[in-house]
Amino acid sequence: MINRRTLLGTAGVGAGAALAGGSLALPHLLGGEAEAQPLSLSKALPQGTRDSATLEALPGKKPLIKLAYRPPNYESPVEYLRSGITPNDEFFVRYHLSDIPQVDAKTWKLSVGGECANGQATLDLDELKRLPAAEVTAVCQCSGNRRGLFHPHVPGVEWGYGAMGCAHWKGARLKDVLDKAGLKKEAVEIVYNGADGPALDKTPDFVKSIPVWKAIEETTLVAYEMNGQPLPHWNGFPARIVVPGWTGTYWMKHVVSIDAVTKPFEGFWMKSAYRIPVGKFPVVAQFTTQQTPANTPITECVVNSLITSHADGATVKAGSRASVGGLAWDGGYGIRVVEVSTDSGKTWAEATLGPDAGKYAFRTWTYQFVPQRGHTKVMARATNVIGQSQTATLIANPAGYHHNLIQSVTLVAA
Amino acid sequence: MRALAIGLVTALMAVPAAAQEKPVTLKAGPGLEQVQANCGACHSLDYIQTNSPFMTSATWDAEIGKMIKVFGAPISEADARAIGDYLKANYGADHVTENR
């Protein structure tokens, strides 16, 4: 059965198209395909992605790279990722299901309880904001960021480099929210759901769980502010779960229920999706209650870096000092060093790290060198505080997660 | 005029996510109608474009099977066959060599 809101949404398409045909068309909000702006995407992406992706703005957002309209999946162009904080209107958008309500802050309620809680509590937004506030600067990165760069390609949203951003989040600690209902010792996982849902009743709703130990960390939040503003609709208004260090799949948007459970949660999005082969990736954080002999839920982000100052093939001046720079991040241990090679990986030199905004944040870096006439391949490699480094050979896995292959851009000096 | 423009923006903001969707034009061919009617009920058709042309016939079959069995898409056997034939012929890896 098709849900009511999906039908309304379809009616909305007709209304929008009618408006676009009139004289009141608003650039970026409405308009035909002819207005889509040209894009320069990585040649490593599937040809179909390169041919069909467009630069388009959702309401309240700057133009992002549209990979899919419904459910909406839009990534940030790399040039939006040049600072340690990603502005709200440049932050990527990722949904699994297409029934996405505009949540009204006045009527929004968060239900807290479950079989492993002493009771049941319901909080409205004011009540959530009355809990002690906590703040953290943290990277939200889709598990499948860079999936489109896997070779051979794997099915899914064919992300390039921009399914990530870093924001300063403010909210209540999840553990304080759980305390409103009272968490029992027997709890093994915390399960949460958002207001968005599937188009069909039979499609599994997007519901996620995390281990209790992660849920009660000081920096795991029910966030209602992003960079000092209410969360944008597309990033989870009015409140989302923030799990610093862990991939975006756990950062539930439009959160409406939080439940403590005694048994591992069995939903599709935990049991079948977002899983990585056991033992293949160097991750510390383990989600043991969900692990099988073959696979285990993805947890923390792997160490990574991105050159954002120059696009592949960018022109620089031969014989003059050039400054390349970008970002580095990991699963919450902190970046120790970023090294840059300008000789195809034969030698590496340390980049200068920018300000430290905390172990969960983007760390900016810059490196200066004098390019000689011709082509120079610039590579960046981050290493974190516990000694993990980016991989030189891509680690294949069925769903295309944890892409942290050392990136390179070729600069052309003339 | 300004008041009208603001009113229009407010009205647009209240429209659900799908209002941003523009028509996606897939290649013409037998089975396209079934693709539009079935696949398009739950997701925009750009998912097909972006996931091409690297999926083999077996991968497309698996994807259609997942939509029916896991995501509960009510697709008839006849439609599923037509969709599979269309995707393999127009967006499959078995019929093209990807330009890298």
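Protein chains in written order, with this note's numbering: chain A, 545 to 958; chain B, -2 to 97.
Virtual Cβ for every residue (Gly too), placed ideally from N, Cα, C.
- For chain B, the residues of the segment 732 to 747 of chain A that bring a beta carbon within less than 7 Å of one of its beta carbons are Ala743, Leu744, Lys746, Thr747, in chain order.
- Close partners of Ala612/A in chain B (Cβ separation under 8 Å): His40, Ser41, Asp43, Tyr44, Thr47.
- The alpha-carbon of Ala77/B is positioned some 27 Å away from that of Arg594/A.
- For the pair Ala739/A and Pro645/A, the Cα-to-Cα distance works out to about 7 Å.
- C-alpha of Gly37/B to C-alpha of His946/A: approximately 30 Å in a straight line.
- Excluding its 5 nearest sequence neighbours in each direction, Leu722/A has C-beta neighbours in its own chain below 8 Å: Val656, Ala661, Ile734, Ala759, Ile760, Ile802, Ala804, listed in chain order.
- According to DSSP, residue pairing for Glu769/A in a beta bridge involves Lys714/A, Pro774/A.
- Distance check between Thr791/A and each of Lys807/A, Pro841/A, Gln773/A, Val822/A places Pro841/A closest, using alpha-carbon atoms only.
- In the assembly as shown, Glu600/A is a buried residue. Its beta-carbon has 16 or more other beta-carbons within 10 Å.
- Under the three-state reduction of DSSP output, Lys650/A falls in the coil class, being neither helix nor strand.
- Taking Arg784/A as reference, the option from Trp795/A, Trp778/A, Gln830/A with the minimal CA-CA separation is Trp795/A.
- For Gly726/A, no alpha helix (DSSP H) encloses it, and the DSSP letter there is neither H nor E.
- Its chain contains Thr681, Cys710 as the residues whose beta carbon lies nearer than 6 Å to that of Ala905/A, once the 5 sequence neighbours on both sides are disregarded; these appear in chain order.
- Counted as a single uninterrupted DSSP element, the beta strand (DSSP E) harbouring Ile609/A occupies residues 608 to 612.
- Between Glu810/A and chain B, the shortest Cβ-Cβ separation is not below 8 Å.
- By the criterion of a C-beta distance shorter than 6 Å, Ala665/A is surrounded in its chain by Val656, Lys724, Ala725, once the five residues flanking it on both sides are discounted.
- Nearest C-alpha to Val827/A among Asn848/A, Trp778/A, Ser816/A: Asn848/A.
- Residue contact check for Lys19/B against chain A: a CB pair falls below 8 Å.
- Collapsing the DSSP output to three states places Thr47/B in a helix.
- If the five residues before and after His854/A are omitted, its C-beta is found closer than 7 Å to the C-beta atoms of Val868, Val953, Leu955, all from its own chain and listed in chain order.
- The continuous beta strand (DSSP E) containing Gly869/A extends over residues 866 to 873.
- Inter-segment contact for the segment 615 to 623 of chain A and the segment 763 to 773 of chain A is absent: fewer than three beta-carbon pairs are separated by less than 8 Å.
- The segment 670 to 689 of chain A makes contact with the segment 892 to 907 of chain A, as at least three CB pairs between them are under 8 Å.
- Apart from sequence neighbours up to five positions away, the residues of its chain that approach Ala707/A with a beta-carbon distance below 6 Å are Glu619, Phe636, Cys686, Asn689, ordered along the chain.
- In the three-state reduction of the DSSP assignment, Lys752/A falls in the strand class, which pools E and B.
- Chain-order list of chain B residues neighbouring Asp595/A: Gln46, by C-beta distance under 8 Å.
- Burial check for Lys653/A: the Cβ neighbour count within 10 Å stays below 16, so the residue is exposed.
- It is roughly 46 Å from the alpha-carbon of Ala829/A to the alpha-carbon of Ala75/B.
- Selection Glu730/A, Gln912/A, Ala893/A evaluated against Thr833/A yields Glu730/A as nearest (Cα-Cα).
- Among the residues of chain A, those whose CB is under 9 Å from the CB of Ala70/B are Leu744, Lys746, Thr747, following chain order.
- Contact between the segment 740 to 753 of chain A and the segment 626 to 643 of chain A is present: three or more C-beta pairs spanning the two stretches fall below 8 Å.
- Look at Val32/B: its C-beta is not under 8 Å from any C-beta on chain A.
- The Cβ-Cβ distance between Gln31/B and Ile80/B falls below 8 Å.
- With 16 or more other Cβ atoms from the protein chains shown falling within 10 Å of its own Cβ, Ser596/A counts as buried.
- When Thr927/A, Phe750/A, Gly870/A are compared, the shortest CA-CA separation from Ile629/A is found for Gly870/A.
- Chain A has a Cβ within less than 8 Å of the Cβ of Glu60/B.
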